[in-house]
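Participant: Each residue of the sequence shown is one higher than the one before, counting from 2 in the numbering used here.
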Amino acid sequence: MLRAVDVAVEVGGRKTVVGASFTLQPGDKVGLIGRNGAGKTSLLKVLAGEAPAVEGTVTRKGALGYLNQDPRRTAHVAEVTALQHVLGGRELDEVVVRMEKLRLRMEEDPTEANVQRHARATDEFERKGGYAAESEVRRIVAGLGLAADRVDLPLRVLSGGERRRVELARILFGGSDVLLLDEPTNHLDVDAKTWLMGFLRQYRGALLVVSHDIELLDEAITRVLHLERDPHADGGSLTEYKGTYTQYRTARALDEKRLAKQAAAQQAEVVRLSTLADKMRGQGGQRTRKAKVLDHRVERLEAQKIDAPKVERHISVKLPDPPHAGRVVLEVADLAKSYGGPSIFEDVTFAIEKGERLLVMGLNGAGKTSLLRILAGQTEPDLGEVRFGFNVSVGYYAQEHENIRAGTTLLEHIQEHRAGTLSELRGLLGMFGLTGEMAFQDAGTLSGGEKTKLSLALLTAGRHNLLLLDEPTNNLDPPSRAAVGDALASWKGAMVIVSHDPEFVRELRPQRVLLMPDGTLDYMSDDMLDLVALA
Ligand SMILES: Nc1ncnc2c1ncn2[C@@H]1O[C@H](COP(=O)(O)OP(=O)(O)OP(=O)(O)O)[C@@H](O)[C@H]1O
Ligand SMILES: [Mg+2]
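1) Please say whether residue 415 and residue 462 have beta carbons closer to each other than 8 Å?
2) Roughly how many whole angstroms lie between the Cα atoms of residue 460 and residue 158?
3) Within 10 angstroms of the Cβ of residue 188, are there 16 or more other Cβ atoms? Answer buried if so, exposed if not.
4) Any heavy atom of ligand 2 closer than 7 Å to the beta-carbon of residue 248?
5) Mind the definition here: the region 511 to 520 touches the region 353 to 366 only if three or more C-beta pairs lie below 8 Å; say whether that holds.
6) Using only CA atoms, which one of 319, 338, 207 lies nearest to residue 24?
7) Closest by CA to residue 169, which one among 71, 270, 448?
8) Within the chosen definition, does the region 158 to 167 reach the region 176 to 194 through at least 3 CB pairs nearer than 8 Å?
9) Measure from the alpha carbon of residue 5 to the alpha carbon of each residue in 28, 16, 48, 52, then state which is nearest.
10) Roughly how many angstroms separate the alpha carbons of residue 467 and residue 372, rounded to a whole number?
11) So, is residue 391 buried or exposed, given that buried needs 16 or more other C-beta atoms within 10 angstroms?
12) Could you name the residues that DSSP lists as bridge partners for residue 242?
13) I'd like the list of long-range same chain contacts for residue 332, defined as Cβ closer than 7 Å, with 5 residues on each side in sequence excluded.
14) Looking only at DSSP bridge pairs, what is residue 12 linked to?
15) Residue 300: which of 50, 322, 270 sits nearest, CA to CA?
16) Closer than 7 Å to a non-hydrogen atom of ligand 1 - does that hold for the CB of residue 495?
17) Tell me whether the beta-carbon of residue 222 lies closer than 8 Å to the beta-carbon of residue 481.
18) Relative to ligand 2, is the shortest distance from any of its heavy atoms to the C-beta of residue 449 smaller than 7 Å?
19) Could you check if residue 128 is buried or exposed, using at least 16 other CB atoms within 10 Å of its CB as the buried criterion?
20) Of the residues 505, 214, 290, which one's Cα is nearest the Cα of residue 491?
21) What does DSSP give as the partner residues of residue 66 in its beta bridges?
22) Per DSSP, what are the beta-bridge partners of residue 496 in this structure?
23) Run the proximity test for residue 475: is its beta-carbon closer than 7 Å to any non-hydrogen atom belonging to ligand 1?
24) Applying the criterion that 16 or more other CB atoms from any shown protein chain within 10 Å of the CB defines a buried residue, is residue 184 buried or exposed?
25) Based on DSSP bridge pairs, tell me the residues matched to residue 338.
26) What three-state label does DSSP hand residue 481 in the structure shown?
27) Would you kindly work out how many angstroms separate the C-alpha atoms of residue 420 and residue 306, rounded to a whole number?
28) Which residue comes first and which comes last in the beta strand (DSSP E) that contains residue 515?
29) On the CB-based measure, 16 or more other CB atoms within 10 Å of its CB, does residue 321 come out buried or exposed?
30) DSSP on residue 204, reduced to helix/strand/coil?
31) Give every residue of the same chain whose Cβ lies closer than 8 Å to the Cβ of residue 452, excluding the five residues on either side of it in the sequence, and list them in chain order.
32) Taking 7 Å as the line, does the beta carbon of residue 387 fall inside it for any heavy atom of ligand 2?
33) Take the Cβ of residue 348 as the centre, count every other Cβ of all protein chains shown within 10 Å, and call the residue buried at 16 or more, exposed below.
34) Which runs of the alpha helix (DSSP H) fall wholly inside the region 34 to 68 and span at least 4 residues, in chain order?
35) Look at the alpha carbon of residue 474 and the alpha carbon of residue 35, and state the distance between them as a whole number of angstroms.
36) Would you mind giving the Cβ-Cβ distance between residue 193 and residue 144, rounded to the nearest angstrom? I have them listed as a contact below 8 Å.
This is the structure we're talking about:
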């Protein structure tokens, strides 16, 4: 169980949430919803006990599992294998070591006490499901779409997406009473997502999940906490809605309509009373006194002012026309790449013409990100050649935001890509919803969605005619995702795209598909489109 009472959260000296109170009971499935930067991740951190609440209290009973939004933060235990790391979720790794020690001692010195100690450790192992554990771990990990032969590798060699699956597996295997999951479907394909939703449906503990994935929110939750920044007060507030995401959308729309109506009626009343009071004021005696009474009522109304809900600010993105380029934009011949072991891919050969869009498809670990990193010049291939056409300028959107540096402001990031006046550059950031003082914020402190937006703004700033996009819609809230999809769909430059987001791919209409790791090229078709989410 988890209970929050009057919790306030502060980030960067500003309150994002105040007066948050709610309870998570076993069986509760709650979605925490809000726009990028609303403060969802910060609130989750406080609930998980990783950051202090500036006001109020959080009480937790039972074991807690917390999945962070940022996959890079899960790399600390790099030398253990994925299997060991997941087993550690139930502290079984430790029990195994202890059992082995006690077994040796028992063999050396088989006293009654030593036999007892060993028996107790064995019991504990059994009680924790130790014997069945390894196969259970393999089942969970497979469910989340990690290839069987990756489970015995050290975490260090796994890709960001793979590490995140392992982390999620560890938390699910841990059998916690409370699960706090921040964007659990980032990097997951449809099979893994379906598996996860099935798991969450059966889960008997209390779940709080932050997700921009509408399908998950409609399938796996029964209650919504809506987090909204209050434009007047310091800090945003939580509103609770029963039901799934779709039900919440309907209820929220009604609420907003009702609030807007009340606010308008109240405002009209204020105007009516004030006008009346003004008229009476100069007329002396009784009337002046009456005017005072009216003034009083106006004051009271103003004090209980109902705020019309803020119209959601949509980001509106416009990409600059790509500069002129030769007919062939990119030629790739016989690429091969390995990381020490066997090759991830071999003999990858293709070419892209001006304005063409190529979708790169393949399972996790098939080398999609590696291929894009080679094209972007960030890794060397073992074999093969990459040649760019005349006047080609390449922009790279990195899946894990490697290009965003902590300790550097948003404005400085933009300035590295483009010269311009302060107001031009701030306008460019503003186009992606990164408005006002955010230009001077340390980029390392941005929320997940804001980092995605900054990366996209950097791409736009660069005036490119070839974009390499690695999962560019992760972390974006639904309206922002739509805006980015629209902008890219109408852009005339060439693109190499990696995406598990079927909506996004459908909108972009890539003409061809490169299947990894085989390097087979094919034309895009409806059948292929159905596969997008699967691969
Ligand atoms: N040190 C800081 N200085 C200023 N602002 C900060 C700082 N750290 C965080 N913020 C801001 O706090 C806000 C809340 O961030 P948080 O990560 O909680 O958002 P979120 O709701 O999880 O967003 P997303 O949907 O993008 O993941 C963001 O606007 C972020 O830029
Ligand atoms: Mg977040």
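Beta carbons: idealized from backbone N, C-alpha and C, even for Gly.
Facilitator: Taking the structure as given:
1) yes
2) 28 Å
3) buried
4) no
5) yes
6) 207
7) 71
8) yes
9) 48
10) 15 Å
11) exposed
12) 225
13) 352, 388
14) 15
15) 270
16) no
17) no
18) yes
19) exposed
20) 505
21) 180
22) 358, 468
23) no
24) buried
25) 346
26) helix
27) 46 Å
28) 513 to 516
29) exposed
30) coil
31) 402, 405, 444, 476
32) no
33) exposed
34) 41 to 49
35) 16 Å
36) 7 Å
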